[in-house]
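Note sheet for the following structure.
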Amino acid sequence: MKIDSILEKQFEEMGNDHISASEDTPLRNDAFVLTDEEKIERIQANIREVMLTLGLDLDDDSLKGTPNRVAKMYVKEIFGGLHPDRKPKSSTFDNKYKYGEMLVEKNITLYSTCEHHLLPIVGKAHIAYISSGNVVGLSKMNRIVDYYAKRPQVQERLNIQIVRELQKVLETDDVACVIDAKHLCVNSRGIRDIDSSTVTAEYGGKFKEESVRREFLDYINLDTNF
Numbered sequence: 309m310k311i312d313s314i315l316e317k318q319f320e321e322m323g324n325d326h327i328s329a330s331e332d333t334p335l336r337n338d339a340f341v342l343t344d345e346e347k348i349e350r351i352q353a354n355i356r357e358v359m360l361t362l363g364l365d366l367d368d369d370s371l372k373g374t375p376n377r378v379a380k381m382y383v384k385e386i387f388g389g390l391h392p393d394r395k396p397k398s399s400t401f402d403n404k405y406k407y408g409e410m411l412v413e414k415n416i417t418l419y420s421t422c423e424h425h426l427l428p429i430v431g432k433a434h435i436a437y438i439s440s441g442n443v444v445g446l447s448k449m450n451r452i453v454d455y456y457a458k459r460p461q462v463q464e465r466l467n468i469q470i471v472r473e474l475q476k477v478l479e480t481d482d483v484a485c486v487i488d489a490k491h492l493c494v495n496s497r498g499i500r501d502i503d504s505s506t507v508t509a510e511y512g513g514k515f516k517e518e519s520v521r522r523e524f525l526d527y528i529n530l531d532t533n534f
């Protein structure tokens with residue numbers, strides 16, 4: 309019993325410290341054997357059991373539909389980015405106008421979920437790349453952020469996944485991403501610090517050079533309140 313208590317404390321501390329073992333989202337080999345409908349059915353039953361255990365009256369008009377609503381939200385919305393079939397198709401185009409400077413897409417609204425407490429992460433992502441001959445539609449960068457955010461996440465991993473995907477799409481290492489986000493597992497529970505946010509960054513290729521990185525960060529800080 310004492311060993312179980314020690315292990316439970318260690319797991320709790322690991323979750324609070326944002327420890328993650330891989331840049332890939334940890335998924336079982338059979339993650340996509342069940343259909344969405346089958347997953348919703350199973351999750352609904354489990355959410356119902358959680359609510360009953362908490363003492364809630366599921367015959368109440370306000371609560372009776374909650375298990376189904378939560379199950380559909382998990383599968384179709386906030387964890388929809390787990391399924392590879394939902395990955396956005398990111399077509400590229402030739403850089404015919406020979407634009408040779410960095411392109412920055414900033415203030416991309418980001419909604420994700422902390423994988424340690426299943427509480428929201430809300431923030432902004434800022435992306436930049438330098439074309440090696442290909443360009444990608446602006447909205448596709450937003451969609452890539454949204455896809456990788458819609459899963460249980462650790463912010464550091466999310467940052468890396470966004471950059472790796474864009475490097476693959478654009479066929480260049482010259483991609484950077486900075487994320488500034490609030491974690492409700494910090495803001496609304498535990499220490500309950502409502503003002504703190506977490507900033508992470510991933511720099512590839514030329515963005516590892518201080519002058520290029522500084523230019524990117526200067527763009528992020530431009531006042532764009534139109």
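The numbering used here puts the last residue of the sequence shown at 534; the count rises by one with no breaks.
Just so it is clear, CB atoms sit at the ideal spot from N, CA and C, and this is done for glycine as well.
In this text the structure is predicted, and so the values were computed from the model without any measurement.
1) Can you list, in chain order, the residues of its chain with a C-beta nearer than 8 Å to that of Leu315? Leave out the 5 residues immediately preceding and following it.
2) When the Cα of Phe340 is compared with those of Asp526, Val383, Pro460 and Val358, which residue comes out closest?
3) Let me know the alpha helix (DSSP H) ranges lying completely inside the stretch 334-379, each 4 residues or longer, listed in chain order.
4) Taking the beta strand (DSSP E) that Glu510 belongs to, which residues open and close that run?
5) Considering only DSSP beta bridges, list what Asn442 is partnered with.
6) Could you tell me the distance, in whole angstroms, from the CA atom of Arg336 to the CA atom of Asn467?
7) Taking the alpha-carbon positions, what's the Leu364 to Glu423 distance?
8) Less than 9 Å between the beta carbons of Asp482 and Ile438, yes or no?
9) Any chance the stretch 495-506 sits against the stretch 515-528, with 3 or more Cβ pairs inside 8 Å?
10) Pull the bridge partners of Ser420 from the DSSP assignment, please.
11) Suppose you measure from the CA of Lys476 to the CA of Ala457; what does that come to, to the nearest Å?
12) Any idea what DSSP makes of Tyr455, helix, strand or coil?
13) Taking the alpha carbon of Lys334 as the point to measure from, which residue in Asp344, Asn450, Thr506 and Arg465 has its own alpha carbon closest?
14) Per DSSP, which residues does Gln469 bridge with? Please list them.
15) In or out: Tyr511 buried (at least 16 other Cβ within 10 Å) or exposed?
16) Quick check: does the Cβ of Cys422 come within less than 8 Å of any heavy atom belonging to the ligand HEM?
17) Quick check on DSSP: helix, strand or coil for Asp393?
18) Just the C-alpha distance for His425 and Lys404, rounded to the nearest angstrom, thanks.
19) Return the residue from the list Phe387, Ala433 and Val453 that minimises the CA-CA distance to Asn529.
20) When you compare the CB positions of Leu366 and Arg356, do they come within less than 9 Å of one another, or not?
Judging by the given coordinates:
1) Residue mapping note: residue 315 aligns to position 7 of the sequence shown, counting from 1. Residue placement at Leu315 cannot be trusted, given a pLDDT of 48 that sits under 50; what the coordinates show is reported in the next sentence. So no residue of the chain qualifies.
2) One-based indexing of the sequence shown puts residue 340 at position 32. Relative to Phe340, the option among Asp526, Val383, Pro460 and Val358 whose CA is nearest is Val383.
3) Fully contained in the stretch 334-379 are the following alpha helix (DSSP H) runs of length 4 or more, in chain order: 344-361.
4) Counting from 1 along the sequence shown, the entry for residue 510 is found at position 202. Taken as a continuous stretch (DSSP letters only), the beta strand (DSSP E) holding Glu510 covers Thr506 to Tyr511.
5) Position 134 of the sequence shown, counted from the first residue, corresponds to residue 442. Looking at the DSSP output, Asn442 bridges to Asp402.
6) On the sequence shown, position 28 is the one that residue 336 refers to. On the sequence shown, position 159 is the one that residue 467 refers to. Arg336 and Asn467 have their alpha carbons spaced roughly 22 Å apart.
7) The sequence position of residue 364 within the sequence shown is 56, counting from 1. The sequence position of residue 423 within the sequence shown is 115, counting from 1. If you take the alpha carbons of Leu364 and Glu423, they lie about 25 Å apart.
8) Along the sequence shown, one-based indexing puts residue 482 at 174. Along the sequence shown, one-based indexing puts residue 438 at 130. Annotated as proximal: Asp482 and Ile438, with beta-carbon spacing under 9 Å.
9) Judged by Cβ distances under 8 Å, the stretch 495-506 makes no contact with the stretch 515-528, as fewer than three pairs qualify.
10) As a working note, residue 420 is residue 112 in the sequence shown. Note: Ser420 sits in a beta bridge opposite Ile429.
11) By one-based count along the sequence shown, residue 476 stands at place 168. By one-based count along the sequence shown, residue 457 stands at place 149. Roughly 18 Å between the two C-alpha positions.
12) What you label residue 455 is simply residue 147 of the sequence shown in a count that begins at 1. Here Tyr455 sits in helix by DSSP.
13) The count along the sequence shown starts at 1 and reaches residue 334 at position 26. Before going on, a small fix: residue 334 reads as Pro here, not Lys. Pro334 has its Cα closest to that of Arg465, out of Asp344, Asn450, Thr506 and Arg465.
14) Sequence index remark: in the sequence shown, residue 469 carries index 161 (1-based). Gln469 is bridged by DSSP to nothing; it lacks a bridge partner.
15) Counting from 1 along the sequence shown, the entry for residue 511 is found at position 203. Sixteen is the threshold: when 16 or more other Cβ atoms of the shown chains lie within 10 Å of the Cβ of Tyr511, as they do, the residue is buried.
16) Among the components modelled here there is no ligand, and therefore nothing to report on the ligand HEM.
17) By one-based count along the sequence shown, residue 393 stands at place 85. Shown here, Asp393 sits in a helix according to DSSP, grouped into three states.
18) As a working note, residue 425 is residue 117 in the sequence shown. As a working note, residue 404 is residue 96 in the sequence shown. A straight line joining the alpha-carbon of His425 with that of Lys404 spans about 47 Å.
19) Start at 1 with the first residue of the sequence shown, and residue 529 comes out as number 221. Closest option to Asn529, Cα to Cα, is Ala433.
20) Position 58 of the sequence shown holds residue 366. Position 48 of the sequence shown holds residue 356. Cβ distance < 9 Å, so Leu366 and Arg356 count as in contact.
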